[in-house]
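Asker: Questions regarding the structure given below will be posed in turn.
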Amino acid sequence: MLDSGTILTGMGVGLGSVAAEVFRVKPVTTLPLAAKHSGDEALELENLKAAISAVSLEMNALAEEAGDISAEIFEALIMLLEDEELFETASVQISQGWNAGTAFINAVEEYANIFAGDATFEERLNDIRDLARRVAASIAGISLGLDIPTTGRFVIVGEDFSPADTAQFTEAVVGVVTIQGGPTSHTAIICRSKSIPAVVSCQQAQDLVDGMRVLVDPVGDRVVVDGQESDITEALSFIAKSDDPIIPVRANIGSLEDAIAASASAADGVGLFRTELLYLSAKTQPTKQAQVASYTEILKAAPVGPIVVRTIDAGSDKPVPFLDMGDEENPALGVRGYRLIENHRNFIVDQLESLEVAREQSGREVWVMAPMVSTYPEAIEFAELARKAGNFKVGIMVETPSIVYQIAQLAGVLDFISVGTNDLSQYLFAADRMNPALGAMLNPWQPALLRALEQIATVSQKAGVSSGVCGESASDPAFAVVLAGMGFQSVSSSRSQVGIVRQALSSVTKEQAKEVFEAALTGLDADQAKSAALQALAAFSAK
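Written out as structure tokens, the structure reads:
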């Protein structure tokens, strides 16, 4: 039993705090034991197909309820669920006598045995296992809905929450604590988008029990047993001192619905249009006419300002059916992003040419950038392709450490760069962003990442290349101020965070933002860097 006043440390998500009663999320309902079928293989195959279809519909419904932030996550899950290879493996299990539910679970475990020890796959495996349980449950007529209160006020506590879990959060969920996870976990992303105070990667939370009262204090990166309002780490109060932020704040989108919603915010255009979301369920390559129609509709609906479009960012961990990509031992280090040019040049060219027609038809200002560019020749090649295809500003994503050292040589070649902090952290620290055990390594306040970002901003400025950040870290208002202090010329956040990020960037001058960044550099670890930056920000807010 934890004593009153005990402090549990983790990584905070959000700027608000909340004190409420603990509700431990119970383990998922026990499924029927593994069993053989009665001999009717055709019936079992039909049962499996029907269950997969039912769970796919459920995932689509949850995606709609969860909003734009979860769209990419749910699209990828549905692709995994409907994977033909996985179905064939399950079919073999049925031919060996296992019933449909058992066969699908066994098929997933076959994959688990093949990829045991691969951290990238093992994190994804948790999601696949969750889907397998849902398929088996559908066949058995069992509901796997989370048993979460719908009334009252509770801090829910669990190991971590799958995308399907987070989509079921009720209004009674006022705080979240997870034992695993990190700043880019599904839980963190959803809680940030819904403004639910959370602390993730809190190992000691395993000792919390129902009925305890706790204070979830994200600003202090902690949970306090029996914590009171007087224990709350003072949250920053951003008071706008000018009508406009010191640098533009754009929105991240991935669909027409996102574009429409972003237009209702104060976003200055779009900083990241994830085009791959339009293709994740396409069985055949869309025609140029179909692409033009989709792009034109989205461009017209997007918020006023430049629209930065990322060409397709797919890989074996984010498969697109018509690209026919094989499995890879380590997808994070494999053929993904712009590396698709080797075998799918025609599609990337089609995409760029379709965007040009859509640009003309919509009358919008379109910038295009390629993901996962790692070398000078790749950047040159993409710039040539893009300029031949249309009248765009041309840039690249900076996600690999290697390209950081060649930005200076790209003066006159690129118009802009945009940093993806999630992937840059992954490669900088050799820490898989999908591995919940490594969440702390991906904290954007890590001093090494701060210095890498500073170098990118400085070199870009000297090269005359506009620089921005569109990674998840830009949705943190305090970190957005730090980015502006480094010299970045724009940030792009989830649309739910556009307002608070704009407010934060309207509460300081560029000189003050630089002082906040310099304060962060004094920290020797992520906690010290964040604390120093917040103290500097608080001092300016008080003036």
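Letter 154 of the sequence shown, counting from 1, is numbered 153 in numbering that gives the first Met the number 0, and no numbers are missing. Note that CB positions come from ideal geometry on N, CA and C, so glycine has one too.
1) Given that a residue counts as buried once 16 or more other Cβ atoms are within 10 Å of its Cβ, and exposed if not, what is A250?
2) Considering just the uninterrupted stretch of the alpha helix (DSSP H) at K25, what are its terminal residues?
3) Starting from M368, trace the beta strand (DSSP E) in both directions and tell me its first and last residue.
4) Output the distance between the C-alpha atoms of L409 and S459, rounded to the nearest integer angstrom.
5) By the DSSP assignment, the beta strand (DSSP E) with V548 in it spans what residues?
6) For G253 and P305, what's the separation of their Cα atoms in angstroms?
7) Mark E45 as exposed unless 16 or more other C-beta atoms lie within 10 angstroms of its C-beta, in which case mark it buried.
8) Who are the near neighbours of L85 in its chain, counting only those whose CB is closer than 6 Å to its CB and skipping five residues on each side?
9) If you follow the alpha helix (DSSP H) that T165 is part of, which residue opens it and which one closes it?
10) Going by CA-CA distance only, name the one from T286, H36, Y426 that's closest to N345.
11) Let me know if D209 comes out buried or exposed under the rule of 16 or more other beta-carbons within 10 Å of its beta-carbon.
12) Rounding to the nearest angstrom, what Cα-Cα distance links D117 and G486 in this structure?
13) Can you name, in chain order, every residue of its own chain whose Cβ lies under 6 Å from the Cβ of P31, other than the five neighbours on each side?
14) Over the uninterrupted alpha helix (DSSP H) stretch that includes M485, give me the two end residues.
15) Using the C-alpha atoms, what's the distance from R450 back to L520?
16) Taking 7 Å as the cut-off, decide whether the C-beta atoms of A258 and A300 are in contact.
17) Nearest-angstrom Cα distance between I406 and A462?
18) K392 bridges to which residues according to DSSP?
19) What is the DSSP secondary structure of T8, counted as helix, strand or coil?
20) Quick check: what's the CA-CA separation for S401 versus V372?
21) In the DSSP assignment, what are the bridge partners of I306?
22) Measure the Cβ-Cβ separation of L145 and D164 and say whether it is below 7 Å.
23) Would you check if the stretch 375-386 and the stretch 408-425 touch, i.e. whether three or more CB-CB distances between them fall below 8 Å?
24) Any beta-carbon of chain B closer than 7 Å to the one on V291?
25) So the beta strand (DSSP E) I155 belongs to, where does it begin and stop?
26) Is the Cβ-Cβ distance between D220 and G470 less than 7 Å?
27) Where S546 and A239 are concerned, what is the direct C-alpha to C-alpha distance, given to the nearest angstrom?
28) Within a Cβ cutoff of 6 Å, which residues of the same chain sit near P244, ignoring the five residues on either side of it in sequence?
29) Using the three-state DSSP reduction, which class does L214 fall into: helix, strand or coil?
30) Counting C-beta neighbours from all protein chains within 10 Å, is the total for S241 16 or more, i.e. buried, or is it exposed?
31) Helix, strand or coil: how does DSSP classify R221 here?
32) Does the stretch 260-277 touch the stretch 526-536, meaning 3 or more C-beta pairs lie closer than 8 Å?
33) Work out the CA separation of F168 and D524 for me, nearest whole Å.
34) Measure from the alpha carbon of I246 to the alpha carbon of each residue in L61, F103, K509, then state which is nearest.
35) Under 8 Å Cβ to Cβ from K193, same chain only, skipping five residues before and after it: list those, please.
36) What number of angstroms, rounded off, separates the C-alpha of P196 from the C-alpha of G174?
Answerer: On the basis of the data shown:
1) buried
2) That residue, K25, is in no alpha helix (DSSP H); it is neither H nor E in DSSP.
3) 365-369
4) 9 Å
5) The structure shown does not extend to residue 548, since the chain is modelled only from 0 to 542, so the question has no answer here.
6) 15 Å
7) exposed
8) A106
9) 162-165
10) T286
11) exposed
12) Residue placement at D117 is flagged as unreliable, the pLDDT there being 43, under the threshold of 50; the coordinate-derived value follows with that caveat. Their Cα atoms are separated by approximately 38 Å.
13) A139
14) 476-485
15) 8 Å
16) yes
17) 7 Å
18) W366
19) strand
20) 9 Å
21) V269, V365
22) yes
23) yes
24) Structure shown: chain B not included; a single protein chain is present.
25) 153-157
26) no
27) Outside the shown range of the chain, which is 0 to 542, sits residue 546, and nothing can be said about it.
28) R501, L504, S505
29) strand
30) exposed
31) strand
32) no
33) 33 Å
34) K509
35) F168, S495
36) 5 Å
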